[in-house]
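Asker:
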Amino acid sequence: MIDKAHSISLLVANRPGVLVRIALVFSRRGYNIDSLVVSPTLDPNFSRMNIIAHGNPEILMQIIKQLEKLVDVVQAKDHTDTNAVEKELALIKVRCSPDQRTEVLQLCDHFKAHTVDMTEKSMIIQITGSSDKVDNLKSLLQKFEIVEYIRTGKVIMLRGEDKT
Amino acid sequence: MANKTLSGAEVIIECLKREGVDTIFGYPGGSAIPMFDAILDSNIKVVLTRHEQGATHMADGYARQTGKVGVALVTSGPGATNTFTGIYTALMDSSPIVVLAAQTTTPNLGKDAFQECDTSGMTFAAVKHSYLVKNSNDLPRIMKEAFHIARSGRPGPVLIDLPKDVTAGPCTAPFTDKMDLPGYKIPTHAPIQAVEKAAEFLKKSKKPLLLVGHGAMISGASRQVRELAEKLNAPVCCTMLGLGAFPTDHELSLGMLGMHGTVYANKAVLDCDLIFSIGSRWDDRITGKLDVFCKDAVKMHLDIDPAEEGKVLQPDVFLCGDAKLVLEQLLPMVNKLDTADWVKTCQSWKKKFPLTYPKQGGLRMQHVIATASKLTGGKAIVTTDVGQHQMWVAQFFDINYPRQLHSSGGAGTMGFGFPAAIGASFGNETGWPVLSFSGDGGFQMTEAELATAAIHKLPIKIFVMDNKYLGMVRQWQELFYEHRYSSVDMQGNPDFVKLAEAYGIPGLRIKRAADAERVIQKALEYKDGPILIHCECEKEDNVFPMIPAGAPITSMIVEQPKAQLEKPTGST
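As structure tokens, this is what we get:
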């Protein structure tokens, strides 16, 4: 079995301690959480969590069952390879002189990314989209100096009228 | 006083009463004083223990004996941390306990205040669920939820972290039956398609084997297990915690399977064409080397916990639900199978490979246990600690009734047996004596509870099986580590008879096999509270049969091997 990234969506009670309980199910097996997004749902009593984790698929299946078993977890689902919209946002700070700007802006344009901050020597680029798209822009920007870079982690929503 | 506002502590005590709690086990401290104060005005009996670990094991023993929720009440900081072993023990064996742990005041949380401890944070991994209460008005709902979660579904420990201002402050919220648990599901019946599939598999089986675990006991499914075994004419083996869910003296019983199980149960596991686990979790103690375990047999798994499906092995059918309810679904769908030859084969193994022990040499623990079993007619509540004596109790004490044997299975907690016997004794309505078997190592971990047993004059027969060694570890070092004994010599053991007498408990001594019957009879006839029986046993004795950890069942050793064995690959 090859380790691949799994997209896990959780609906949980919006209470203190929930995140620790969830993290422990992963850490107990020495598994790492690659990315994590948490926000309250329309009903503020609940939160939606999106977790990306790498690992053996059979073990991740078991982890999902053990997440589902937690008293505060209403639902745990694996959305890997399902028909879901998966997007993330990244901010990339690039050191660039005025004469490099045109090239950077051309790249941004191609990726439909925006500049959200600009100084004499630097620029912050905001990009949204699939993880691959973010990866690609980042690698192209590497010819300039990337000062820092942060991603939100994936948010996942099932296509169509069904709930995630 | 009609409209007096209750304090948080008073509300907690009232909630305990409403949950039917009549006995709790505890140890006070600064932060817990409001609760210990409120309990004075109730009719709940507080058993003051000598250590918080003892309190949790007692709550656990009480829960295992009664099927009700056991309650421990302790103070913050070290009081709370001392309960962790007991909480983890209860989790591993699905035992319903509620631990009320006091805490510093809420403004002090996170400030390293005196006896502050992140109790809920430290126990997340060892509880079924837990609460940190920050508002007194949440208490009625949380108490309701805690007991519900502890006892329902797959039972387990629930911890409530109770800051002192929450217990001392006023609670104006009404008592309630309302719970707010949107994520908590309790499986009941299994999907009908799964039950039909199971019935189909059973119909085709010529050599079925039922494997009965603790889940069957917790569910109260003994009658249904027996009906199924008899209706199918299928042999039955039990895990250690399953012993008693099916009577060992039944002609279809093969006793305990696994690492130190009977030869005939393990032979049946090797030879069956279908194995049906009813409330067992395919623990490594019973499967041995997993990839060859029941390789060609159909595997059916009934469990109330959906996360057990595929955890250890992938079954051909998984029945998620309560053992009793699911067996009731299954029973009308099955008929007698053509298993006469299979049952005959199993019974011939039973005759050919009985459990035995050497009669020569010094006093054998097996002899003490078998004699106690004979003299009580198997009508006794039995608790064990962990190690060689534990396996010998499972082998040589006749366990024929549900909730008759209490032992730390999953956790293997030394120090569990004696306090569990105290807890069981408080909940014991059978009229049978409580027999507590411990080794000299484990007994010394919680022996301070002799005071607790003495104060309450509990009719416990405390067997200390003293071989002056940590026997099971010594056995491994002898068999697998070239006799290199490392830190297993219990030099410095006290005279346990004198120790008992220091607590006002009479002590008896057995040194020779010939004295066992007379002394045990005397202990059984003693009616004035606890009595300790110090059994000075053969120092070097080994538990057989034995399947080395991680080895396939075919590697079973039935007697003392002549040559040194390979180091086991499995855990512990």
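Line by line, the protein sequences give chains F and H.
Add 37 to a position in the first sequence, counting from 1, and you land on the number used in my numbering.
Add 277 to a position in the second sequence, counting from 1, and you land on the number used in my numbering.
Every residue gets a Cβ at the ideal spot worked out from N, C-alpha and C, and that includes glycine.
Counting contacts by CB-CB distance shorter than 8 Å, is Phe401/H in contact with chain F?
Answerer: Residue 401/H sits at position 124 when you count from the first residue of the second sequence. Taking Cβ atoms only, chain F reaches closer than 8 Å to Phe401/H, which makes this a yes.
Asker: At a Cβ threshold of 8 Å, is Ile161/F touching chain H?
Answerer: In the first sequence, counting from the first residue as 1, residue 161/F sits at position 124. Not an interface residue.
Asker: Report yes or no: do the stretch 728 to 747 of chain H and the stretch 791 to 811 of chain H share at least 3 C-beta pairs separated by less than 8 Å?
Answerer: yes
Asker: Just the chain H side, please: which residues come within less than 8 Å of Gln103/F by C-beta, in chain order?
Answerer: Walking along the first sequence from the start, residue 103/F turns up at place 66. The answer, in chain order, is Ala584.
Asker: Can you tell which of Asp454/H, Pro825/H, Lys628/H, Ile810/H has its C-alpha closest to the C-alpha of Ala794/H?
Answerer: Here residue 794/H is taken as the residue at index 517 of the second sequence, counted from 1. With the sequence shown as reference, residue 794/H is identified as Glu, and Ala is not the correct amino acid for it. It is Ile810/H whose Cα lies nearest to the Cα of Glu794/H.
Asker: Tell me the DSSP bridge mates of Ala332/H?
Answerer: On the second sequence, residue 332/H is found 55 positions in, with the first residue counted as 1. Answer by DSSP bridge pairing: none, since Ala332/H is not bridged.
Asker: In the DSSP assignment, find the unbroken alpha helix (DSSP H) run with Cys514/H in it and report its ends.
Answerer: As a position in the second sequence, residue 514/H is number 237, starting the count at 1. Unbroken run through Cys514/H is the beta strand (DSSP E), 513 to 515; no alpha helix (DSSP H).
Asker: Closer than 8 Å, CB to CB, is Leu97/F near chain H or not?
Answerer: As a working note, residue 97/F is residue 60 in the first sequence. Chain H contact via Cβ: absent.
Asker: Return the CA-CA distance between Glu815/H and Gly639/H, expressed in angstroms with no decimal places.
Answerer: Residue 815/H sits at position 538 when you count from the first residue of the second sequence. Residue 639/H sits at position 362 when you count from the first residue of the second sequence. In a straight line, the C-alpha of Glu815/H is about 5 Å away from that of Gly639/H.
Asker: Nearest to Lys421/H by alpha carbon, out of Val346/H, Ala357/H, Val443/H, Met369/H?
Answerer: Position 144 of the second sequence, counted from the first residue, corresponds to residue 421/H. Of the listed residues, the one whose Cα sits closest to Lys421/H is Val346/H.
Asker: Against Tyr746/H, what residues of chain F qualify as contacts under a CB-to-CB distance less than 7 Å, listed in chain order?
Answerer: Stepping through the second sequence from its first residue, residue 746/H is reached at position 469. Under the 7 Å cutoff, chain F gives no residues; its nearest Cβ is about 34 Å from Tyr746/H.
Asker: Please name the residues in the stretch 404 to 429 of chain H whose beta-carbon is closer than 8 Å to at least one beta-carbon of chain F, in chain order.
Answerer: Lys405, His406, Ser407, Leu409, Ile426
Asker: So, helix, strand or coil for His760/H, using DSSP?
Answerer: Along the second sequence, read from residue 1 onward, the residue named residue 760/H stands at position 483. Here His760/H carries a coil assignment [DSSP, helix/strand/coil].
Asker: With DSSP collapsed to three states, give me the class of Arg428/H.
Answerer: Counting from 1 along the second sequence, the entry for residue 428/H is found at position 151. Looking at Arg428/H - three-state DSSP - the assignment turns out to be helix.
Asker: Name, please, each residue of chain H whose Cβ falls closer than 8 Å to the Cβ of Lys106/F.
Answerer: Position 69 of the first sequence, counted from the start, is the residue given in the question as residue 106/F. Under the 8 Å cutoff, chain H gives Asp582, Pro583, Ala584.
Asker: Taking only beta-carbon positions, decide if Arg58/F is within less than 8 Å of chain H.
Answerer: Taking the first residue of the first sequence as 1, we reach residue 58/F at position 21. Yes, because at least one Cβ of chain H sits closer than 8 Å to the Cβ of Arg58/F.
Asker: Measure the CB-CB distance between Val375/H and Ser407/H and report whether it falls below 8 Å.
Answerer: Reading the second sequence from its first residue, position 98 is the one you call residue 375/H. Reading the second sequence from its first residue, position 130 is the one you call residue 407/H. Their beta carbons are not under 8 Å apart, which means Val375/H does not touch Ser407/H by this criterion.
Asker: Does the distance from the CB of Val298/H to the CB of Val348/H come in under 8 Å?
Answerer: Here the question's residue 298/H lines up with position 21 in the second sequence. Here the question's residue 348/H lines up with position 71 in the second sequence. Taking a C-beta distance under 8 Å as the contact criterion, Val298/H and Val348/H qualify as a contact pair.
Asker: Expressed to the nearest angstrom, what Euclidean distance is found between the alpha-carbon atoms of Gly306/H and Ala367/H?
Answerer: Residue 306/H sits at position 29 when you count from the first residue of the second sequence. Residue 367/H sits at position 90 when you count from the first residue of the second sequence. Looking at the two C-alpha atoms, the distance is approximately 24 Å.
Asker: What residues from the stretch 448 to 469 of chain H come within 7 Å of chain F, judged by C-beta to C-beta, listed N to C?
Answerer: Leu458, Pro459, Gly460, Tyr461
Asker: Are the C-beta atoms of Val75/F and some chain H residue less than 8 Å apart?
Answerer: One-based indexing of the first sequence puts residue 75/F at position 38. Not a single CB atom of chain H sits nearer than 8 Å to the CB of Val75/F.
Asker: Are the beta-carbon atoms of Ile364/H and Ala403/H separated by less than 8 Å?
Answerer: The residue labelled residue 364/H in the question sits at position 87 within the second sequence. The residue labelled residue 403/H in the question sits at position 126 within the second sequence. Yes, Cβ-Cβ distance for Ile364/H and Ala403/H is below 8 Å.
Asker: In its own chain, which residues sit with a C-beta less than 6 Å from the C-beta of Met278/H, not counting the 5 before and 5 after it?
Answerer: Here residue 278/H is taken as the residue at index 1 of the second sequence, counted from 1. In this prediction, Met278/H scores a pLDDT of 44, lower than 50, which makes its location untrustworthy; the coordinate-derived value is nonetheless stated afterwards. Taken in chain order, the list of residues that qualify is empty.
Asker: Can you give me the C-alpha to C-alpha distance between Val62/F and Gln637/H, rounded to a whole angstrom?
Answerer: On the first sequence, position 25 is the one that residue 62/F refers to. On the second sequence, position 360 is the one that residue 637/H refers to. Between Val62/F and Gln637/H, the C-alpha separation is close to 51 Å.
Asker: Could you confirm whether any beta carbon from chain F is found closer than 8 Å to the beta carbon of Gly492/H?
Answerer: In the second sequence, the residue the question calls residue 492/H occupies position 215. Closer than 8 Å: no.
Asker: In this structure, does DSSP put Thr165/F in helix, strand or coil?
Answerer: Along the first sequence, read from residue 1 onward, the residue named residue 165/F stands at position 128. Strand.
Asker: Measuring alpha carbon to alpha carbon, tell me which residue in Gly387/H, Asn385/H, Lys405/H, Leu386/H is nearest Met369/H.
Answerer: By 1-based counting over the second sequence, the position of residue 369/H is 92. In terms of CA proximity to Met369/H, Lys405/H leads the group Gly387/H, Asn385/H, Lys405/H, Leu386/H.
Asker: Which chain A residues are close to Ser397/H, counting only those with a beta carbon under 8 Å from its beta carbon?
Answerer: Of the protein chains in this structure, namely F and H, none is chain A.
Asker: Alpha carbons only, please: which of Tyr780/H, Ala315/H, Thr616/H, Gly655/H is nearest the one belonging to Asn510/H?
Answerer: Translated into positions along the second sequence, residue 510/H becomes position 233. With respect to the C-alpha of Asn510/H, the residue from Tyr780/H, Ala315/H, Thr616/H, Gly655/H having the closest C-alpha is Thr616/H.
Asker: Which residues in chain F have a C-beta closer than 7 Å to the C-beta of Lys388/H? List them in chain order.
Answerer: Translated into the one-based positions of the second sequence, residue 388/H becomes position 111. Contact annotation for Lys388/H against chain F: no contact, minimum CB-CB distance about 17 Å [criterion: below 7 Å].
Asker: What distance in whole Å lies between the Cβ atoms of Gly704/H and Asn677/H, which are believed to be in contact at a cut-off of 8 Å?
Answerer: Numbered from 1 along the second sequence, position 400 holds the residue referred to as residue 677/H. Numbered from 1 along the second sequence, position 427 holds the residue referred to as residue 704/H. Asn677/H to Gly704/H, Cβ: 20 Å. No contact.
Asker: Got a sec: is the Cβ-Cβ distance from Arg65/F to anything in chain H below 8 Å?
Answerer: If you number the first sequence from 1, residue 65/F lands on position 28. Yes, Arg65/F counts as interfacial toward chain H.
Asker: I believe Met577/H touches Phe478/H by the beta-carbon criterion, under 8 Å. Please report the beta-carbon distance rounded to the nearest angstrom.
Answerer: Working through the second sequence from its first residue, we reach residue 577/H at position 300. Working through the second sequence from its first residue, we reach residue 478/H at position 201. The pair is a contact, with the Cβ atoms about 6 Å apart (cut-off 8 Å).
Asker: Along chain H, which residues have their Cβ under 9 Å away from the Cβ of Ala50/F?
Answerer: Translated into positions along the first sequence, residue 50/F becomes position 13. Ordered by position in chain H, the residues that pass the 9 Å Cβ test against Ala50/F are Asp457, Leu458, Pro459, Gly460.
Asker: Closest to Tyr780/H by CA distance: which of Ser650/H, Leu325/H, Glu726/H is it?
Answerer: Here residue 780/H is taken as the residue at index 503 of the second sequence, counted from 1. Cα-wise, what sits closest to Tyr780/H is Glu726/H.
Asker: Using 8 Å as the threshold, is the C-beta distance between Leu596/H and Leu579/H below it?
Answerer: Indexing the second sequence from 1 puts residue 596/H at position 319. Indexing the second sequence from 1 puts residue 579/H at position 302. The answer is yes: Cβ separation under 8 Å.
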